[in-house]
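> Those protein sequence lines, which keep their order, are chains A and B.
Position 2 (the first sequence) corresponds to 1 in numbering that gives the first Met the number 0; numbering is contiguous.
Position 251 (the second sequence) corresponds to 250 in numbering that gives the first Met the number 0; numbering is contiguous.
Note that the Cβ used here is the ideal one computed from N, Cα and C, for glycine as well.
Bear in mind the structure is a predicted one, so any value in this text is a computation, not a measurement.
Sharing a structure below in structure tokens format, with a few things to ask.
Protein chains: 2
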Amino acid sequence: MLAVIEPISRQSGGARLRQHEVAERIKQYILQNRLRPGDALPTEAELCAAVGASRSSVREAIKTLTALDIVEVRHGHGTYVGRLSLTALVESLAFRGLLSRADDFRVLAELVEVRQTIEQGLAPSIVAALDDSLRTGLGEIADQMAELAARGETFVEQDRRFHLLLMEPLGNELVTQLTAAFWDVHAIVAPTMHTTPESVQETVQAHRAIVEAAAAGDADRLSAAIAAHYVPVRRHLQEGPEVSGPDAEEATA
Amino acid sequence: MLAVIEPISRQSGGARLRQHEVAERIKQYILQNRLRPGDALPTEAELCAAVGASRSSVREAIKTLTALDIVEVRHGHGTYVGRLSLTALVESLAFRGLLSRADDFRVLAELVEVRQTIEQGLAPSIVAALDDSLRTGLGEIADQMAELAARGETFVEQDRRFHLLLMEPLGNELVTQLTAAFWDVHAIVAPTMHTTPESVQETVQAHRAIVEAAAAGDADRLSAAIAAHYVPVRRHLQEGPEVSGPDAEEATA
DNA sequence: GCCAATTTGTACGTATGTATA
DNA sequence: CTATACATACGTACAAATTGG
Numbered sequence: 000m001l002a003v004i005e006p007i008s009r010q011s012g013g014a015r016l017r018q019h020e021v022a023e024r025i026k027q028y029i030l031q032n033r034l035r036p037g038d039a040l041p042t043e044a045e046l047c048a049a050v051g052a053s054r055s056s057v058r059e060a061i062k063t064l065t066a067l068d069i070v071e072v073r074h075g076h077g078t079y080v081g082r083l084s085l086t087a088l089v090e091s092l093a094f095r096g097l098l099s100r101a102d103d104f105r106v107l108a109e110l111v112e113v114r115q116t117i118e119q120g121l122a123p124s125i126v127a128a129l130d131d132s133l134r135t136g137l138g139e140i141a142d143q144m145a146e147l148a149a150r151g152e153t154f155v156e157q158d159r160r161f162h163l164l165l166m167e168p169l170g171n172e173l174v175t176q177l178t179a180a181f182w183d184v185h186a187i188v189a190p191t192m193h194t195t196p197e198s199v200q201e202t203v204q205a206h207r208a209i210v211e212a213a214a215a216g217d218a219d220r221l222s223a224a225i226a227a228h229y230v231p232v233r234r235h236l237q238e239g240p241e242v243s244g245p246d247a248e249e250a251t252a
Numbered sequence: 000m001l002a003v004i005e006p007i008s009r010q011s012g013g014a015r016l017r018q019h020e021v022a023e024r025i026k027q028y029i030l031q032n033r034l035r036p037g038d039a040l041p042t043e044a045e046l047c048a049a050v051g052a053s054r055s056s057v058r059e060a061i062k063t064l065t066a067l068d069i070v071e072v073r074h075g076h077g078t079y080v081g082r083l084s085l086t087a088l089v090e091s092l093a094f095r096g097l098l099s100r101a102d103d104f105r106v107l108a109e110l111v112e113v114r115q116t117i118e119q120g121l122a123p124s125i126v127a128a129l130d131d132s133l134r135t136g137l138g139e140i141a142d143q144m145a146e147l148a149a150r151g152e153t154f155v156e157q158d159r160r161f162h163l164l165l166m167e168p169l170g171n172e173l174v175t176q177l178t179a180a181f182w183d184v185h186a187i188v189a190p191t192m193h194t195t196p197e198s199v200q201e202t203v204q205a206h207r208a209i210v211e212a213a214a215a216g217d218a219d220r221l222s223a224a225i226a227a228h229y230v231p232v233r234r235h236l237q238e239g240p241e242v243s244g245p246d247a248e249e250a251t252a
């Protein structure tokens, strides 16, 4: 079972780091055995014996792969193939945004441009893949937003689900995950962004317009509605960093 | 200097892992001291003393942050703030692609759809930001491609530079980095993709058409040229996995 | 609920490789 | 070339979490 992993030759050409070699071996092991997310990996002790490295090196290699969600470790249970999510992208981009947040929101502005480009560009595909359940689903979320806004409450989770539901019928898992990732980054870097009463109403109306355009099956109208949706977001980002979010301690958690 | 980092209280609410706490402290240290990529971080020994953790925990935390390019370690020199690149996204997506490659190219097909959506969606902005140096730059790369193709050689690096140069004038660093990242993922998962003589010629012509459309300042024509550019790519992906690339050992390196 | 086995997490000491002065 | 500072690797011991009897 572990025969596929061969010990590392000390003098193997490139004098690279031990942990890198080990990480490569583990990736190869997953690929060659065609493992899937959730499948069990050898224990640390077995890996040490298999690749001929110390436990420290094996653990540091595992740490790297864990950060990329290639492997997943459960304390006291074992090591498994990870879900290969985009958590690494979220953490990396979020930290970049937090670093530049004090100066300006350039990173976030760029992110919004990417989000808008993707959503508008996929508008034709969205109307083509339209579905009754999707129509009603989007409508319900928009209704919930209006309700919550009327009560003076926020609707961050509804907003996230709305944009994910919009992308879901495309059947493109990467698009869905990128949408979620970008939304999460935005939420981490500027969580309390549009909370003024006016922009809340503006946002509710924008989502309504998107629902109606999608229901009408008009791609151009949908594209325009999406563009309008991001107008208040862009405006807040240009107003400067004084809107601010929580302190660094909580933001990175 | 290190006073900002406070020791970790054992009983601080969530009974989380040591290394996670340490990683958070390091991130906070970077944020609170407003460090920039390349700035020096305390040595491992100093970090140990500052957060009250052992070398093992500190090193594992650093490993996690290194994978996200939040910190960068130079052997025998020290630890520094990382460049915050998208290497983590590349590694993660590339491995996902390699995992599914044996079965199909679904992941890669999804990636191409995202690339095409972004490039087409930004076509209007590109023609708006057009520049003489950009025009000539794109033209030169296209010429090089044609030359190399005539000699029966490949032009992977030219292809990469072409698409990066196309995005550069937008001034959106995230778009540029995402373009590079997606291209790299594609190159890792399917490096020897379009090498049949016909598709090579097709690709050369496609890039020519993009240059001409951009030079003409016609956004719709540019969008169409980009769409045409991806047609042969999509075709190869649909043809199935038998085109194959290198074995797993080299692919993950 | 308790105990024991397995597995990962943390700590510490030591030696080695690497870069700088 | 020597000395110093630092990261890397190895090994051992123990703590914490999970599972099963």
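Can you tell me whether residue 35 of chain B is helix, strand or coil according to DSSP?
As a first step, residue 35 of chain B is located in the second sequence; it is residue number 36 there, counting from the start. Residue state, collapsed to three classes: coil.
> Is it the case that the stretch 158 to 174 of chain B contacts the stretch 117 to 137 of chain B, given that we only count it when at least three CB pairs across the two stretches are under 8 Å?
With a cut-off of 8 Å, the stretch 158 to 174 of chain B and the stretch 117 to 137 of chain B count as touching, because enough Cβ pairs lie within range.
> Can the beta-carbon of residue 258 of chain A be found less than 7 Å from the beta-carbon of residue 67 of chain B?
Chain A is shown only over 0 to 252; residue 258 of chain A falls outside these bounds and no answer can be derived.
> Compare the C-alpha of residue 176 of chain B against each of B:155, B:117 and B:223 and name the closest.
Numbered from 1 along the second sequence, position 177 holds the residue referred to as residue 176 of chain B. If we check each option's Cα against that of residue 176 of chain B, B:117 comes out closest.
> Kindly give me the distance between the Cβ atoms of residue 40 of chain A and residue 79 of chain A, rounded to whole angstroms, as I take these residues to be in contact under 8 Å.
Position 41 of the first sequence, counted from the start, is the residue given in the question as residue 40 of chain A. Position 80 of the first sequence, counted from the start, is the residue given in the question as residue 79 of chain A. Between residue 79 of chain A and residue 40 of chain A the Cβ distance is about 6 Å, and since that is below 8 Å, they are a contact.
> Quick one: does residue 67 of chain A have its CB under 7 Å from some CB of chain B?
Counting from one through the first sequence, the residue named residue 67 of chain A turns up at place 68. For residue 67 of chain A, the answer is yes, since a Cβ of chain B falls inside 7 Å of its Cβ.
> Tell me residue 71 of chain B's beta-bridge partners as DSSP assigns them.
Within the second sequence, numbered from 1, the residue matching residue 71 of chain B stands at position 72. Its beta-bridge partners are B:79.
> Looking only at its own chain, which residues have a Cβ that is under 6 Å from the Cβ of residue 81 of chain B, when we skip the five neighbours before and after it?
By 1-based counting over the second sequence, the position of residue 81 of chain B is 82. Once the five neighbours on either side are set aside, the close Cβ partners of residue 81 of chain B are 68, 69, 70 and 71.
> Enumerate, from N- to C-terminal direction, the unbroken alpha helix (DSSP H) stretches of 4 or more residues contained entirely within the stretch 166 to 248 of chain B.
The qualifying runs are 172 to 188, 196 to 215 and 218 to 237.
> Below 7 Å on C-beta distance, what does residue 209 of chain B contact in chain A?
Taking the first residue of the second sequence as 1, we reach residue 209 of chain B at position 210. The premise fails here: residue 209 of chain B is roughly 17 Å from chain A at the closest Cβ pair, so nothing lies under 7 Å.
> In angstroms, rounded to a whole number, what distance separates the CA positions of residue 292 of chain B and residue 48 of chain B?
Nothing can be reported for residue 292 of chain B: it is not among the residues displayed for chain B, which extend from 0 to 252.
> Please check if any C-beta of chain A sits within less than 7 Å of the C-beta of residue 117 of chain B.
As a first step, residue 117 of chain B is located in the second sequence; it is residue number 118 there, counting from the start. Interface residue, yes.
> Please list, in chain order, all residues of the same chain as residue 209 of chain A whose beta carbon is under 7 Å from its beta carbon, the five residues on each side excluded.
Here residue 209 of chain A corresponds to residue number 210 of the first sequence, with the count starting at 1. Correct list, in chain order: 221, 224, 225 and 228.
> Output the residue ranges of the beta strand (DSSP E) runs that lie fully inside the stretch 82 to 148 of chain A and measure 3 residues or longer, sorted by chain position.
Whole beta strand (DSSP E) segments, 3+ residues: zero.
> Does the structure place the stretch 139 to 152 of chain A close enough to the stretch 197 to 217 of chain A that three or more beta carbon pairs sit under 8 Å?
The stretch 197 to 217 of chain A, when compared against the stretch 139 to 152 of chain A, does touch it at the 8 Å Cβ threshold.
> Does any C-beta atom of chain B lie closer than 7 Å to the C-beta of residue 181 of chain A?
Looking up residue 181 of chain A in the first sequence gives position 182. Taking Cβ atoms only, chain B never reaches closer than 7 Å to residue 181 of chain A, which makes this a no.
> Let me see if you follow: with CB-CB separation under 7 Å, is residue 171 of chain A close to chain B or not?
The count along the first sequence starts at 1 and reaches residue 171 of chain A at position 172. So, interface residue.
> So, residue 106 of chain B versus residue 183 of chain B, is the Cβ gap smaller than 7 Å?
In the second sequence, counting from the first residue as 1, residue 106 of chain B sits at position 107. In the second sequence, counting from the first residue as 1, residue 183 of chain B sits at position 184. Taking 7 Å as the Cβ cut-off, residue 106 of chain B and residue 183 of chain B do not qualify as a contacting pair.
> Shorter than 7 Å from the beta carbon of residue 202 of chain A to some beta carbon of chain B?
For the purposes of this step, residue 202 of chain A is taken as the residue at position 203 of the first sequence. Answer no: the Cβ-Cβ gap between residue 202 of chain A and chain B never drops below 7 Å.
> Based on Cα-Cα distance, which residue from A:62, A:122 and A:109 lies nearest to residue 214 of chain A?
As a first step, residue 214 of chain A must be located in the first sequence, where it is residue number 215. When each option's Cα is compared against that of residue 214 of chain A, the closest is A:122.
> Taking residue 114 of chain A as the query, report the chain B residues whose CB atoms sit under 9 Å from its CB, ordered along the chain.
Translated into the one-based positions of the first sequence, residue 114 of chain A becomes position 115. By Cβ distance, chain B contributes nothing, its closest Cβ being about 10 Å from residue 114 of chain A, past 9 Å.
> Let me see if you follow: with CB-CB separation under 7 Å, is residue 218 of chain A close to chain B or not?
Stepping through the first sequence from its first residue, residue 218 of chain A is reached at position 219. No - not a single Cβ of chain B is within 7 Å of the one on residue 218 of chain A.
> Name the chain B residues whose beta carbon is nearer than 8 Å to that of residue 120 of chain A?
Walking along the first sequence from the start, residue 120 of chain A turns up at place 121. Chain B residues near residue 120 of chain A: 116, 117, 119 and 120.
> Just the chain A side, please: which residues come within less than 9 Å of residue 83 of chain B by C-beta, in chain order?
Within the second sequence, residue 83 of chain B is the residue found at index 84, counting from 1. Near residue 83 of chain B (Cβ distances below 9 Å), the residues of chain A are 91, 92, 94, 95 and 98.
> Between which two residues does the alpha helix (DSSP H) carrying residue 253 of chain A extend?
In the structure as shown, chain A begins at 0 and stops at 252. Residue 253 of chain A is therefore absent and cannot be evaluated.
> Are there 16 or more other CB atoms within 10 angstroms of the CB of residue 185 of chain B, so buried, or fewer, so exposed?
Mapped onto the second sequence, residue 185 of chain B falls at position 186. Its Cβ being crowded by 16 or more others within 10 Å, residue 185 of chain B is buried.
> Residue 59 of chain B CB to nearest chain A CB: under 7 Å?
For the purposes of this step, residue 59 of chain B is taken as residue 60 along the second sequence, with counting starting at 1. Interface residue, yes.
> Near residue 64 of chain A, what residues of its chain come up, given a Cβ to Cβ distance below 8 Å and the 5 sequence neighbours on each side ignored?
Position 65 of the first sequence, counted from the first residue, corresponds to residue 64 of chain A. Counting only Cβ-Cβ distances below 8 Å, and skipping sequence neighbours, we find 22, 25, 26, 70 and 81.
> Closer than 9 Å between beta carbons: that is the criterion. Which residues of the stretch 32 to 59 of chain A meet it against chain B?
Taking 9 Å as the Cβ-Cβ cut-off against chain B, the residues of the stretch 32 to 59 of chain A that qualify are 33, 34, 35, 36, 55, 58 and 59.
> Taking buried to mean at least 16 other C-beta atoms within 10 Å of its own C-beta, is residue 199 of chain A buried or exposed?
The residue given as residue 199 of chain A occupies position 200 in the first sequence. Flag for residue 199 of chain A reads buried.
> Answer with buried or exposed for residue 15 of chain A, where buried requires no fewer than 16 other C-beta atoms within 10 angstroms of its C-beta.
Here residue 15 of chain A corresponds to residue number 16 of the first sequence, with the count starting at 1. The residue is exposed, with fewer than 16 neighbouring Cβ atoms inside 10 Å.
> By how many angstroms is the C-alpha of residue 146 of chain A removed from the C-alpha of residue 152 of chain A?
Walking along the first sequence from the start, residue 152 of chain A turns up at place 153. Walking along the first sequence from the start, residue 146 of chain A turns up at place 147. Computed Cα separation, rounded: 9 Å.
> Report the rounded CA-to-CA distance for residue 17 of chain A versus residue 60 of chain A, giving the unit in angstroms.
For the purposes of this step, residue 17 of chain A is taken as the residue at position 18 of the first sequence. For the purposes of this step, residue 60 of chain A is taken as the residue at position 61 of the first sequence. C-alpha separation (whole angstroms): 9 Å.
> Which residues of chain B have a Cβ atom closer than 8 Å to the Cβ of residue 110 of chain A, listed in chain order?
Numbered from its first residue, the first sequence carries residue 110 of chain A at position 111. Those are 173, listed as they occur along chain B.
> Can you look up residue 10 of chain B in the DSSP assignment and give me helix, strand or coil?
The residue labelled residue 10 of chain B in the question sits at position 11 within the second sequence. Residue placement at residue 10 of chain B cannot be trusted, given a pLDDT of 38 that sits under 50; the coordinates are not used to answer.
> If you draw a straight line from the alpha carbon of residue 219 of chain A to that of residue 124 of chain A, how long is it in whole angstroms?
Locating residue 219 of chain A in the first sequence gives position 220, counting from the first residue. Locating residue 124 of chain A in the first sequence gives position 125, counting from the first residue. Whole-angstrom Cα-Cα distance: 11 Å.
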